[in-house]
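Working notes for the structure below.
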Amino acid sequence: MATAAGKTANDSRANADLEADIRQLKADIDKLTKQLAKTGEHGYGTARRAATEGVEQLRAQGEAAFDSLRSNAKDIEAQMMASVREKPVTSLAIAAGVGFLFALIARR
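FYI, the numbering used here numbers position 53 of the sequence shown as 1458, with every residue one higher than the one before it.
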């Protein structure tokens, strides 16, 4: 009988240890879950900031390209105006020829 009583005491100690291990495991799992959630939020925030910065950079590049095109168009317009002022008859003949070609193309 002493063996049965000793076995019961050992079983109860083992069960208590097992329950303590289970509680500790649950606490560790909770900590891991919270850390993963924090990491996910941090990763999302970082990705969002990177995307926002990328959009701003693309917008700035687009605006710069648009300003450059606008400047080039103004330069071409100025050159054409100067050419027309210097040679109005030649410019009128070229315009008539281009108009005639457009009329031929539009007819088909």
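Backbone N, C-alpha and C define an ideal beta-carbon position, used for all residues, glycine too.
Here the structure is a predicted model, which means the values were calculated and not measured.
Distance between residue j and residue i (C-alpha atoms, nearest Å)
i	j	result
R1513	G1504	15 Å
R1441	Q1466	Contrary to the premise, residue 1441 reads as Leu rather than Arg in this sequence. For L1441 and Q1466, the distance between alpha carbons rounds to 37 Å.
N1420	A1414	10 Å
T1457	T1438	28 Å
D1472	M1485	20 Å
G1459	K1431	42 Å
S1517	E1482	With the chain covering only 1406 through 1513, there is no way to say anything about residue 1517.
A1425	K1443	27 Å
I1510	K1479	29 Å
I1434	A1455	31 Å
A1487	V1494	13 Å
R1464	A1508	41 Å
V1489	Q1462	41 Å
Q1429	E1446	26 Å
E1468	N1477	14 Å
E1491	A1498	14 Å
G1502	A1452	57 Å
S1417	I1427	15 Å
Cβ-heavy atom distance, residue i to the ligand ADP, below 7 Å
i	result
A1508	The ligand ADP is not part of this structure, which contains no ligands at all.
Cβ-based burial, residue i [other Cβ within 10 Å; buried from 16]
i	result
A1500	exposed
Jot down the residue ranges of each uninterrupted beta strand (DSSP E) in the stretch 1416 to 1475, minimum 3 residues, whole runs only, in chain order. As far as the stretch 1416 to 1475 is concerned, it has no whole beta strand (DSSP E) run of at least 3 residues.
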